[in-house]
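J.: Have a look at this one.
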Amino acid sequence: EAGVAQSPRYKIIEKRQSVAFWCNPISGHATLYWYQQILGQGPKLLIQFQNNGVVDDSQLPKDRFSAERLKGVDSTLKIQPAKLEDSAVYLCASSLNSGGATDTQYFGPGTRLTVL
Amino acid sequence: KQEVTQIPAALSVPEGENLVLNCSFTDSAIYNLQWFRQDPGKGLTSLLLIQSSQREQTSGRLNASLDKSSGRSTLYIAASQPGDSATYLCAVKDSGYALNFGKGTSLLVTP
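Residue numbers (the numbering used here), protein chains in the order written: chain A, 175 to 290; chain B, 162 to 272.
In structure tokens:
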């Protein structure tokens, strides 16, 4: 079974530029998550999708971050314009469903973003 | 707001030792607790998931326990090996359905 795919793996941009990340979840997984992991910290949830709909985006900086999940499969996360503090690893995860006590999240390899 | 704390932040042990990693959380109203492993430059791999009604889970040399009332979990690694070197993250799933992560424990097992 293929895992969660993410691209690109690395990205270096200058502040105020825009950037987009792509995620392809495990086939059949209804729930997709985007996390931000700053160096030395645990991952922090940015947004959670259940199929096409947003379940939780309370920690997404909506003035500069946006995300979409078209057709309930692939997802893109965009930052525009980027700030220095956005330097982090962006992790995508997927799970069969979000509500179960046994629901396990499977993570992709992440995209390491450096903002100069 | 759920706060998850992991102690110690870093740990170095010689090969063959048994070791314990600690995790504490502030809100006991949880659905489950998971332990993840993160290797440099890679994503997270789920090691063990303990449901709120369970007390422990075991997988090979790993054993995780959960004391929900005191807000604590421990990950026990038996007979550690250099291949166990990684960062171990504890995450709690609460009523918001999101995973709340600790900062992790960086483990180094020396030959």
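Built from N, CA and C at the ideal position, the CB exists for glycine as well. Bear in mind that the values here come from a model prediction, so they are computed numbers and not experimental data.
Residues of chain B with CB closer than 9 Å to the CB of Q210 of chain A, please, in chain order.
T.: Ordered by position in chain B, no residue passes the 9 Å Cβ test against Q210 of chain A, which lies about 11 Å from the chain.
J.: Taking C-beta to C-beta, are Y192 of chain B and S220 of chain B nearer than 8 Å?
T.: Result no, Cβ atoms of Y192 of chain B and S220 of chain B do not sit closer than 8 Å.
J.: Compute the Euclidean distance between the alpha carbons of L182 of chain B and G246 of chain A, then round it to the nearest angstrom.
T.: Those two C-alpha atoms are separated by around 38 Å.
J.: Using a threshold of 8 Å, state whether the C-beta atoms of A170 of chain B and K264 of chain B are closer than that.
T.: Contact flag set, yes.
J.: For the beta strand (DSSP E) containing S240 of chain A, name the first residue and the last one.
T.: S240 of chain A -> beta strand (DSSP E) spans F239 to E242.
J.: Quick one: is Q191 of chain A near chain B, going by C-beta distance under 8 Å?
T.: No, because no Cβ of chain B sits closer than 8 Å to the Cβ of Q191 of chain A.
J.: Assuming R222 of chain B and I238 of chain B form a contact by the criterion Cβ under 8 Å, report the distance between their Cβ atoms to the nearest whole angstrom.
T.: Correct: roughly 6 Å between the Cβ atoms.
J.: At a Cβ cut of 9 Å, what residues of the stretch 249 to 268 of chain B count as close to chain A, listed as they run along the chain?
T.: Residues passing the 9 Å Cβ filter: L250, C251, A252, K254, G257, Y258, A259, L260, N261, F262, G263, K264 and G265.
J.: So, at 8 Å on beta carbons, what are the nonlocal neighbours of R183 of chain A in its own chain, with the 5 sequence-adjacent residues on each side left out?
T.: Excluding residues within five positions, the ones whose Cβ falls inside 8 Å are P283, G284, T285 and R286.
J.: K162 of chain B CB to nearest chain A CB: under 8 Å?
T.: Not an interface residue.
J.: List, in order along the chain, the chain A residues whose C-beta lies closer than 8 Å to that of L210 of chain B?
T.: Within chain A, the residues near L210 of chain B are T276 and T278.
J.: Please go through the same chain and pick out, in chain order, the residues whose beta-carbon is closer than 7 Å to the beta-carbon of R243 of chain A, but skip the five residues on each side of it.
T.: Cβ neighbours of R243 of chain A beyond the five flanking positions: L206, F223, N226 and S249.
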